[in-house]
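Everything below concerns the one structure shown next.
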Amino acid sequence: MNHNWKQQTMFWLPGVLLFVYVLIRAIVIPVTHDESNTILTYAAYPVADIMLYTDPIPNNHILNTLLIKLLVAVFGLHSLVVRLPNVLGFLLYYIFLIRIIRKIQLPPLIGFACIILMTCNPYFLDFFSLARGYALACAFGMMAVFYAYCFITEKQQSFLIKSVIWSAVAVYTSFTFLNFYVALLFLFILVLIVNQKEKATSKYSDLKKPFIYMGLISLLLGVLIIIPIMRMLETEQFVFWGSKNFYDDTLLTLAKGSFYGKLFLGINYHVWCNIFIVIFSIVVTLGAYSLFRRKLKGLNDSFIFFLLLALGTVCVNICQFYLADTPYLTSRTALLFIPILTLPFIFLANAVQSKVWFWKLPFLIGASLLLGILFKNMNIEFTYEWWFDRDTFHVLNLLEQYHTSTGNNVSLNTNWLYYPSFNFHVQERNLEWLDLTQFHFDTDSLSTTDFYYIIDNEANKLNSNYRLYSAYGDYSRRLLIHR
């Protein structure tokens, strides 16, 4: 009983604390630039327009947008309401992660370390507090991983079908999961064929059911996403991604986000990224050696399977670049690689848990380092990608104080980068006393609004008409008042 209580505490306490952190951030951090566009523009479209990408901007993560539309219709416009799918997505992600850890039967301490490795990346956690589809897709992806593991260990085809279904749902939430989906399907096909060959009475007709289901699910997914993808291609929406290589565009941008662009232990993110690559290469070598010894039978080993799934997802992304001229995923669009590239370590922990304590040490060190990175960067003020929206509430509070003291309505002009966040919260709070100038890219040097919120290097264009009222971020963002 004491051992079970200890295990329950070590497995669930991190989830409770992280969920509280995610929830608080979803409530108190201002809605960001991209979120506002998703909520006020794309979620406002009719359902058919959302699903068919009538406005073909990748900001529309279809399932996430549909959920936001539904929740706003039921509960009204509020920052927590629109972020709720991803907040609850964290619970989904964590619950299925724990189901994997418990099914593997890892010792409490190693299980705890693996949980930390899979959840405590601060950049990864950012997205569970935002109204974007990336984190929600990772939650569905974790469900797919759980059922894939069940299929590998128990050989029941129903688990395979569930895994394919949830990976398809992940794709419909974020198209970036197509890389994962293709790799997973390919591995499932290999495993099915290998397992069939191992049977004493090999009847390939037994493969009919899983192949039909995989085909039907893929066909349905293709019908749902083909028009949106074609419309994005026609309007060249992928130009914002990377065109160098997987290391520079994907791994380095993820590493930079994971460290919030800061040094950790006096070492920059480039070096930490290279350290991870070396460690991952060692894991790949162990997997290759194990596969060489066991031949294709090794595909039924969970460590080898999920190592190949991680490598396969990377390979699909690279192949897309060379064969389909699709750029590399970068930063937030590459978010899926954070859990996917960590998964092999979890199943490696299962493979070495019976070994001497030395094999367990790297997991504990890795978890300790990641906790250090989280503690250094955790905050309830901003997210890494949209740091520039951190002071929206401060500015609105100042303007409200000005409105209260003067009794007059207030007019506000903003730089284009800041406008979406203000636009959302003006509508959320129904601030009838605040007149917000419409979106525009160029600095309005002829502006006559009461206030202007602007980037510091553009403030000189307004010097004759405005003076400083308040400054944020070492004067990098300035609230100016009309003279």
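In this note's numbering, the protein residues as written are -12 to 470. Using N, Cα and C, we set each Cβ at its ideal position, and we do this for glycine too.
Once you ignore the five residues that flank Gln224 on each side, which residues in its own chain have a CB closer than 7 Å to its CB? Position 237 of the sequence shown, counting from 1, holds the residue named residue 224. Excluding positions up to five away in sequence, the list reads Pro43, Ile44 and Pro45.
Answer with buried or exposed for Tyr480, where buried requires no fewer than 16 other C-beta atoms within 10 angstroms of its C-beta. Limits of the chain in this structure are -12 at one end and 470 at the other, which puts residue 480 out of reach.
Go through the region 151 to 194 residue by residue and report every complete run of the alpha helix (DSSP H) that reaches 4 residues or more, in order. Taking only runs of at least 4 residues, the alpha helix (DSSP H) segments lying wholly in the region 151 to 194 are 165 to 185.
Would you list, in sequence order, the uninterrupted alpha helix (DSSP H) runs of no fewer than 4 residues that lie entirely inside the region 400 to 441? For the region 400 to 441, whole alpha helix (DSSP H) runs of length 4 or above, ordered along the chain, are 406 to 416.
Of the listed residues Thr430, Asn402 and Gly394, nearest to Glu419 (C-alpha basis): Working through the sequence shown from its first residue, we reach residue 419 at position 432. Of Thr430, Asn402 and Gly394, the residue nearest in Cα terms is Gly394.
Specify whether the region 443 to 453 and the region 360 to 378 touch according to this definition: at least 3 beta carbon pairs, one from each stretch, less than 8 Å apart. Of all C-beta pairs linking the region 443 to 453 to the region 360 to 378, fewer than three are shorter than 8 Å, placing the two stretches out of contact.
Whole-angstrom distance between Thr317 and Leu278, CA atom to CA atom: Residue numbering aside, residue 278 sits at position 291 when the sequence shown is read from its first letter. Residue numbering aside, residue 317 sits at position 330 when the sequence shown is read from its first letter. Answer to the nearest angstrom: the Cα atoms are 31 Å apart.
Residue closest to Val9, alpha-carbon to alpha-carbon, out of Lys196, Ile305, Leu322 and Pro109: Locating residue 9 in the sequence shown gives position 22, counting from the first residue. Out of Lys196, Ile305, Leu322 and Pro109, Pro109 has the C-alpha closest to the C-alpha of Val9.
Length of the line joining the Cα atoms of Met(-12) and Gln(-5): Indexing the sequence shown from 1 puts residue -12 at position 1. Indexing the sequence shown from 1 puts residue -5 at position 8. At Met(-12), the pLDDT of 49 sits below 50, so the modelled position is not reliable; the number obtained from the coordinates is stated separately. Going from the Cα of Met(-12) to the Cα of Gln(-5) covers about 10 Å.
Taking the alpha carbon of Thr430 as the point to measure from, which residue in Leu421, Trp374 and Asp443 has its own alpha carbon closest? Here the question's residue 430 lines up with position 443 in the sequence shown. Minimum Cα distance to Thr430 is reached at Asp443.
Boundaries (first-last residue) of the alpha helix (DSSP H) holding His257: In the sequence shown, the residue the question calls residue 257 occupies position 270. Unbroken alpha helix (DSSP H) run through His257: Tyr256 to Arg281.
Closest by CA to Ser432, which one among Leu455, Val413 and Asn400? Locating residue 432 in the sequence shown gives position 445, where the first residue counts as 1. Relative to Ser432, the option among Leu455, Val413 and Asn400 whose CA is nearest is Asn400.
Does DSSP put Leu316 in a helix, a strand or coil? Here residue 316 corresponds to residue number 329 of the sequence shown, with the count starting at 1. Of the three classes helix, strand and coil, the one that applies to Leu316 here is coil, per DSSP.
Using the beta-carbon count (16 or more within 10 Å), is Val3 buried or exposed? If you number the sequence shown from 1, residue 3 lands on position 16. With fewer than 16 other Cβ atoms within 10 Å, it is exposed.
Quick one: residues in its chain with C-beta nearer than 6 Å to the C-beta of Gln307, no 5 flanking neighbours on either side, listed in chain order? Looking up residue 307 in the sequence shown gives position 320. Thr313.
Nonlocal neighbours in the same chain, by C-beta distance under 6 Å from Ala126, ignoring five residues either side: Position 139 of the sequence shown, counting from 1, holds the residue named residue 126. Taken in chain order, the residues that qualify are Gly76, Leu79 and Tyr80.
Compute the Euclidean distance between the alpha carbons of Val265 and Tyr315, then round it to the nearest angstrom. Position 278 of the sequence shown, counting from 1, holds the residue named residue 265. Position 328 of the sequence shown, counting from 1, holds the residue named residue 315. Across the structure, Val265 and Tyr315 are spaced so that their CA atoms are roughly 21 Å apart.
At what residues does the beta strand (DSSP E) containing Ala458 begin and finish? For the purposes of this step, residue 458 is taken as the residue at position 471 of the sequence shown. Per DSSP, Ala458 belongs to the beta strand (DSSP E) from Tyr453 to Tyr459.
Are the region 322 to 342 and the region 262 to 276 touching, with three or more C-beta to C-beta distances below 8 Å? Flag = yes, the region 322 to 342 and the region 262 to 276 touch.
Supposed close pair Leu67, Phe411 - CB separation, criterion 8 Å: By 1-based counting over the sequence shown, the position of residue 67 is 80. By 1-based counting over the sequence shown, the position of residue 411 is 424. Contact between Leu67 and Phe411 is absent: CB atoms are separated by about 13 Å, not below the 8 Å threshold.
Using a Cβ-Cβ cutoff of less than 8 Å, which residues in the same chain neighbour Tyr29 once the five nearest sequence positions on both sides are dropped? Here residue 29 corresponds to residue number 42 of the sequence shown, with the count starting at 1. Closer than 8 Å at the Cβ level, and outside the excluded window around Tyr29, lie Ile37, Asp42, Ile44, Asn46, Asn47 and Thr52.
From the DSSP output, in three-state form, read off Phe334 for me. Along the sequence shown, read from residue 1 onward, the residue named residue 334 stands at position 347. DSSP, reduced to helix, strand and coil, places Phe334 within a helical segment of the structure shown.
Could you spell out where the beta strand (DSSP E) holding Leu466 opens and where it closes? Along the sequence shown, one-based indexing puts residue 466 at 479. Per DSSP, Leu466 belongs to the beta strand (DSSP E) from Arg464 to His469.
What did DSSP end up calling Gly481 once you bin it into helix, strand or coil? One cannot answer for residue 481 here, as it falls past the ends of the chain, which runs -12 to 470.
Is there contact between the region 55 to 75 and the region 196 to 211, where contact requires at least three CB pairs shorter than 8 Å? Too few Cβ pairs lie closer than 8 Å, so no.
Who are the near neighbours of Met(-3) in its chain, counting only those whose CB is closer than 6 Å to its CB and skipping five residues on each side? For this step, residue -3 is matched to residue 10 along the sequence shown. Non-local C-beta neighbours of Met(-3) in its own chain, meaning closer than 6 Å and more than five positions away in sequence, comprise Pro95 and Phe99, ordered along the chain.
Whole angstroms are fine: how far does the CA of Leu165 sit from the CA of Ile213? Taking the first residue of the sequence shown as 1, we reach residue 213 at position 226. Taking the first residue of the sequence shown as 1, we reach residue 165 at position 178. The alpha-carbon atoms of Ile213 and Leu165 are separated by roughly 12 Å.
Spatial distance of Ala35 from Met130 (CA atoms): Taking the first residue of the sequence shown as position 1, residue 35 is located at position 48. Taking the first residue of the sequence shown as position 1, residue 130 is located at position 143. Between Ala35 and Met130, the C-alpha separation is close to 27 Å.
Taking the beta carbon of Phe438 as the centre, do at least 16 other beta carbons fall within 10 Å, making it buried, or is it exposed? Taking the sequence shown and counting its residues from 1, the one referred to as residue 438 is at position 451. The Cβ neighbour count for Phe438, taken over all protein chains shown within 10 Å, is at least 16; the residue is labelled buried.
DSSP state of Gly128 mapped onto helix, strand, coil: Position 141 of the sequence shown holds residue 128. Collapsing the DSSP output to three states places Gly128 in a helix.
Cβ-Cβ separation, Ala157 to Phe146 (assumed contact under 8 Å), whole Å: For the purposes of this step, residue 146 is identified with residue 159 of the sequence shown, where counting begins at 1. For the purposes of this step, residue 157 is identified with residue 170 of the sequence shown, where counting begins at 1. About 16 Å; that fails the 8 Å criterion.
Around the Cβ of Asn(-9), are there at least 16 other Cβ atoms within 10 angstroms (buried) or fewer (exposed)? Translated into positions along the sequence shown, residue -9 becomes position 4. Classification for Asn(-9): exposed.
At which residues does the alpha helix (DSSP H) containing His20 begin and terminate? Counting from 1 along the sequence shown, the entry for residue 20 is found at position 33. Counting along the chain, the unbroken alpha helix (DSSP H) around His20 starts and ends at His20 to Asn24.
Rounded to whole angstroms, what's the CA-CA distance from Ser408 to Gln143? Just pull it up for me. Here the question's residue 408 lines up with position 421 in the sequence shown. Here the question's residue 143 lines up with position 156 in the sequence shown. Taking the straight line from one Cα to the other gives about 48 Å.
Please look up how many angstroms separate the CB atoms of Thr370 and Thr19, rounded, as I've assumed it's under 8 Å. Taking the sequence shown and counting its residues from 1, one reaches residue 370 at position 383. Taking the sequence shown and counting its residues from 1, one reaches residue 19 at position 32. Right, the Cβ-Cβ distance comes to about 7 Å (below 8 Å), so this counts as a contact.
Is it right to say Ala321 is buried, meaning 16 or more other beta carbons lie within 10 angstroms of its own, or is it exposed? Against the sequence shown, residue 321 aligns to sequence position 334. The residue in question, Ala321, is buried, as its Cβ has 16 or more Cβ neighbours within 10 Å.
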